[in-house]
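Asks: There's a structure below that I have some questions on.
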Amino acid sequence: MSEAQTGKGRGCFFYGCLTLVILFVVGSIALYFGTRYFIGRLVAQYTSPTPMVVPKVEGTPEEIKGVQDRFKVFADALKAGRQTPPLSLSEKELNLLINHAPQAGEFKDNVHVAIVGNKLRGTLSLPLERLGWRWFKGRYFNGVAEVKAALENGVLLVTLDALEVNGKPVPEQAMAAIRNQNLAKDLYKDAASVEVLQRIERLIVEDGRLLVKPREPTKP
Numbered sequence: 071m072s073e074a075q076t077g078k079g080r081g082c083f084f085y086g087c088l089t090l091v092i093l094f095v096v097g098s099i100a101l102y103f104g105t106r107y108f109i110g111r112l113v114a115q116y117t118s119p120t121p122m123v124v125p126k127v128e129g130t131p132e133e134i135k136g137v138q139d140r141f142k143v144f145a146d147a148l149k150a151g152r153q154t155p156p157l158s159l160s161e162k163e164l165n166l167l168i169n170h171a172p173q174a175g176e177f178k179d180n181v182h183v184a185i186v187g188n189k190l191r192g193t194l195s196l197p198l199e200r201l202g203w204r205w206f207k208g209r210y211f212n213g214v215a216e217v218k219a220a221l222e223n224g225v226l227l228v229t230l231d232a233l234e235v236n237g238k239p240v241p242e243q244a245m246a247a248i249r250n251q252n253l254a255k256d257l258y259k260d261a262a263s264v265e266v267l268q269r270i271e272r273l274i275v276e277d278g279r280l281l282v283k284p285r286e287p288t289k290p
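In our numbering, the protein residues as written are 71 to 290.
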């Protein structure tokens, strides 16, 4: 696997997941309203002409480099199949890693993740033009979501527990459809992502930290 493929796979985990979540949420709300009323009501009620202020986590250059170096050591060990300790990230470290990653793109400074119990609470403000839909030009997806994320034996499960968009809760009929979906399922269409996932034994959120435990390397 090339370095470019590896980078793509790593980036898919967070930024690819976010884009998939937005697309799925928009689609579910569209089904709730029905085709006749979709465009007008969705744009008016669930998007905004202005971005939302997203909490920003500040870090010193030393802190940013420290968490990036730890992540690189962990990721390189996974790629090489070497034994390595679990990667444990605090809420601050997770946000520094997200917002200073080369793959961040439009997500940089527009995403904040809080660790609440065994859930991740994400705040996101993103221009919807990046999805390529002309009727969303100049509109923003401003949302706060509570997500459960776990990985066991190479299977990543990401489910949405609660969602507020543009200051309004998403209708329960739409949420019922969203809650039943694994929002990470499309990651398995990317070979680089699958290869990385298969080398992780567990991913859990607990005690205010995100813990990623690698599989034991296969003995020759």
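All C-beta atoms, glycine included, are put in the ideal place defined by N, C-alpha and C.
1) Can the beta-carbon of lysine 255 be found less than 9 angstroms from the beta-carbon of glutamate 216?
2) Can you give me the C-alpha to C-alpha distance between proline 181 and leucine 227, rounded to a whole angstrom?
3) Taking 8 angstroms as the threshold, find out whether the region 256-276 comes into contact with the region 234-243 through three or more Cβ pairs.
4) Can you tell me whether threonine 105 is buried or exposed, with buried defined as 16 or more other CB within 10 angstroms of its CB?
5) Could you pull out every residue in the same chain whose Cβ sits closer than 6 angstroms to the Cβ of leucine 196, ignoring the five residues on either side in sequence?
6) State the beta-bridge partners of tyrosine 116 as determined by DSSP.
7) Locate the beta strand (DSSP E) running through valine 225, then write down its first and last residues.
8) Check the C-beta distance from serine 118 over to arginine 209 and give it rounded, since I have them as a contact under 8 angstroms.
9) Sort Gly129, Pro131, Ser158, Gly187 by Cα distance to valine 143 and report the nearest one.
10) Determine the contact status of glutamine 115 and lysine 238, defining contact as a CB-CB distance below 9 angstroms.
11) Going by C-alpha to C-alpha distance, which of Arg272, Arg140, Pro155 sits closest to leucine 167?
12) Apart from the five residues on each side of it in sequence, which residues of its chain come closer than 6 angstroms, Cβ to Cβ, to leucine 281?
13) Going by alpha carbons, who is nearest to serine 263 out of Lys149, Lys135, Thr120?
14) Going by alpha carbons, who is nearest to isoleucine 270 out of Pro172, Val235, Thr120, Ala145?
15) Work out the CA separation of lysine 283 and aspartate 277 for me, nearest whole Å.
16) How many Å lie between alanine 171 and phenylalanine 177 at the Cα?
17) Give the C-beta separation of valine 292 and asparagine 165 to the nearest angstrom, bearing in mind that I take them to be a contact with Cβ-Cβ under 8 angstroms.
18) State the start and end residues of the unbroken beta strand (DSSP E) segment that holds asparagine 212.
19) Just to confirm, is the Cβ distance from valine 123 to glycine 129 under 9 angstroms?
20) Apply the 10 Å Cβ neighbour rule to threonine 288 and answer buried if 16 or more other Cβ atoms are within range, or exposed otherwise.
21) Restricting to Cα atoms, I'd like to know which of Gly175, Glu199, Thr154 is closest to glycine 120.
Replies: Let's see:
1) Going by C-beta atoms, lysine 255 is not nearer than 9 angstroms to glutamate 216.
2) The displayed chain sequence assigns valine, not proline, to residue 181. If you take the alpha carbons of valine 181 and leucine 227, they lie about 21 angstroms apart.
3) The region 256-276, when compared against the region 234-243, does not touch it at the 8 angstroms Cβ threshold.
4) The predicted position of threonine 105 is uncertain, since its pLDDT is 44 and thus under 50; a value taken from the coordinates is nonetheless stated next. Exposed.
5) The answer, listed in chain order, is Asn180, Phe211.
6) None, per the DSSP bridge assignment.
7) Element bounds for valine 225: 225-235.
8) Serine 118 to arginine 209, Cβ: 7 angstroms. Contact.
9) Nearest C-alpha to valine 143: Ser158.
10) Yes.
11) Of the residues Arg272, Arg140, Pro155, the one whose Cα lies closest to the Cα of leucine 167 is Arg140.
12) Result list for leucine 281: Pro156, Ser158, Ile274, in chain order.
13) Looking at the Cα atoms, Lys149 is the closest of the given residues.
14) Restricting attention to Pro172, Val235, Thr120, Ala145, the CA atom closest to the CA of isoleucine 270 is found in Ala145.
15) Distance between the alpha carbons of aspartate 277 and lysine 283 is about 15 angstroms.
16) Answer to the nearest angstrom: the Cα atoms are 10 angstroms apart.
17) Residue 292 is absent from the model: the chain starts at 71 and stops at 290.
18) Run containing asparagine 212: 210-222, per the beta strand (DSSP E) assignment.
19) Contact flag unset, no.
20) Per the 10 Å Cβ criterion, exposed.
21) Sequence check: residue 120 is threonine here, not glycine. The closest CA to that of threonine 120, considering only Gly175, Glu199, Thr154, is found on Glu199.
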